[in-house]
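In terms of our numbering, the sequence shown is numbered consecutively and its last residue is 1272.
Glycine included, every Cβ here is placed at the ideal spot set by N, Cα and C.
Here the structure is a predicted model, which means the values were calculated and not measured.
Written below as structure tokens is the structure these notes are about.
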Amino acid sequence: MKKFNISLTLALALLMVVGFGVATYAAPASNELVIADFDTGDKPNNIGGDFGGWDKDPNDESQGTQMSFDTDDSQGEASGYAIRLDYDVDSPNPAYNGFWMKLNGEDATAYNTLNFYVKGDAKAGYTKRFKIELKDMTNKPSAYIVSGVTDQWQKVSIPFEKFRRIENWNSLNELVFVFDDINSSPKTGSILIDQITFSKQ
Ligand SMILES: [Ca+2]
Ligand SMILES: [Ca+2]
């Protein structure tokens, strides 16, 4: 019996060490939630949401956004696969299109900043400006203009308070990237997006 007790004591001690190790590892509360890193090269995003390109008028072949996965060998967090958006708002008709991503009712109350990486494709050309819209479950779009895009990866961080029409941060519906014939210059080009996150700053 004594031997058993010693074994049990050792086992408990080992369990405590392992348990403590796990607890220590998990202790720093994550202050960043990855929404999409695209690194599987497939849908859905990291929180189970669908995404894709959208066109104002799918029957108008003179405009549209084609989404594809793009490998990128850049350093840093934006790596692996990224999303490539080949946009065309050069049309005789009013033109806007882009990229949508479902947020699946994500509760963002623990965070205060939307982040993503962006770069333009030097070969294809790219707009330095585009619009994003964030929507909660009421679906009222809160718009924000992203500017200063270059042909190098850069991190864009937008404080939540810029999205003025969001009422319920505990249940977000969708993030939308918009190319339109007002903000996009040139009117055809390619933008890459990667590592969409919420963070607490
Ligand atoms: Ca990536
Ligand atoms: Ca066109």
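- Rounded to the nearest whole angstrom, the CA to CA distance from Pro1165 to Ser1101 is 43 Å.
- In this structure, Gln1137 has its beta carbon at no less than 7 Å from each heavy atom of ligand 2.
- DSSP lists Gly1169 as the bridge partner or partners of Trp1125.
- Shown here, Lys1226 sits in a strand according to DSSP, grouped into three states.
- Contact check for Asp1222 against Gly1191 passes: the beta carbons are separated by less than 8 Å.
- In this structure, Phe1122 places its C-beta atom within 8 Å of the C-beta atom of Phe1170.
- In the structure shown, the three-state DSSP call for Phe1109 is coil.
- For Gly1135, the beta-bridge partners assigned by DSSP are Asp1159.
- Of the candidates Gln1266, Asp1251, Ser1228, Asp1251 places its Cα closest to the Cα of Thr1259.
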